[in-house]
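For reference, the structure is listed below as structure tokens.
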Amino acid sequence: MAITGPEMRTDACINAGAPVILMRIVGQKLRFVNVVICFPGPDRSIRLEDLQAGHAVCRRYRNRRIGEFLKELDLTEGRSTGVPKILRVMKANGSPAPVFETDEDRSYFLIRLPVHDGFNRDAIIIPQVTEQVTEQVMRLLKALAKEPLSTKSLLEALSLNHRPTLMQNYLQPALDSGVVEMTQPHSPRSPTQKYRLTDLGKQMLVHKE
Numbered sequence: 001m002a003i004t005g006p007e008m009r010t011d012a013c014i015n016a017g018a019p020v021i022l023m024r025i026v027g028q029k030l031r032f033v034n035v036v037i038c039f040p041g042p043d044r045s046i047r048l049e050d051l052q053a054g055h056a057v058c059r060r061y062r063n064r065r066i067g068e069f070l071k072e073l074d075l076t077e078g079r080s081t082g083v084p085k086i087l088r089v090m091k092a093n094g095s096p097a098p099v100f101e102t103d104e105d106r107s108y109f110l111i112r113l114p115v116h117d118g119f120n121r122d123a124i125i126i127p128q129v130t131e132q133v134t135e136q137v138m139r140l141l142k143a144l145a146k147e148p149l150s151t152k153s154l155l156e157a158l159s160l161n162h163r164p165t166l167m168q169n170y171l172q173p174a175l176d177s178g179v180v181e182m183t184q185p186h187s188p189r190s191p192t193q194k195y196r197l198t199d200l201g202k203q204m205l206v207h208k209e
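Following my numbering, the numbering of the sequence shown begins with 1 at its first residue and continues without gaps.
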């Protein structure tokens, strides 16, 4: 919908030899956002406010032949139903509302489609991190499975005698991988410092089991 609609609004004469539609998936504040850009933007008769509300209607095709071709392929309806359908489906899915953007000259049309907040970002990251996690780090994760532990408690749980070994082979790699975190990150040398699993660490533990 967000791809075929812009295809009907592109202007081949103005953009000869230039990319007309771009689609990117970017991360913004730990959230993935699908971004679709087409050139030029919507017709000047369409107000951005109406577009955002799903009430915009344009009765003039820039590329009528392309529109008719896409309609024959059942990829479009040609009745200005694309944007309202995007708004309706994303709302029903519980996803954040899409954001439409253009400029006064209508030189471009940008659509941001934020991914659902419940999207399992860790499902993408876990396989990558798992390859880097050592056997020692996995032992550490299992030791922290129930509750945060101090350095002393970890030495006992892992049957280790030397603190440097714990720090170098277990804690530091786990901290670097983002699977373990300090309970007091702003006071790393605090005598009451403990270590706990991050959400990624918990997911990895389940993934491994």
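Beta carbons: idealized from backbone N, C-alpha and C, even for Gly.
To the nearest whole angstrom, what separates the beta carbons of residue i and residue j, a pair I think is in contact under 8 Å?
i	j	result
R139	L158	6 Å
G54	P98	Actually they do not touch by this definition, with Cβ atoms about 10 Å apart.
Taking just the CA atoms, how far does residue j sit from residue i?
i	j	result
T102	L110	6 Å
V180	A92	36 Å
G201	G178	7 Å
L144	M182	12 Å
R189	T134	25 Å
R196	N161	21 Å
E72	R44	27 Å
Y108	V206	45 Å
P185	L175	11 Å
S187	R163	18 Å
R65	G82	18 Å
E68	P173	58 Å
R212	L87	A query on residue 212 cannot be resolved here, the shown segment of the chain reaching from 1 to 209 and no further.
D50	N169	58 Å
For residue i, tell me which candidate among the options has the shortest Cα-Cα distance.
i	options	result
L171	Q136, P185, P40, E49	Q136
K194	G54, S177, M167, V89	M167
V89	L113, A174, H162	L113
E104	V206, R47, D176	R47
M204	P164, T151, K142	K142
G273	F100, Q184, G82, D199	The chain is shown only over 1 to 209; residue 273 falls outside these bounds and no answer can be derived.
T198	P96, R163, R65, E147	E147
P191	N169, P173, T165, S150	S150
P96	K152, P173, N169, Q52	Q52
Residues bridged to residue i by DSSP?
i	result
V180	L197
V99	R112
L149	Y195
Contact criterion: CB-CB distance below 9 Å. Does residue i meet it with respect to chain D?
i	result
Q136	The displayed structure is made up of one protein chain only, and chain D is not part of it.
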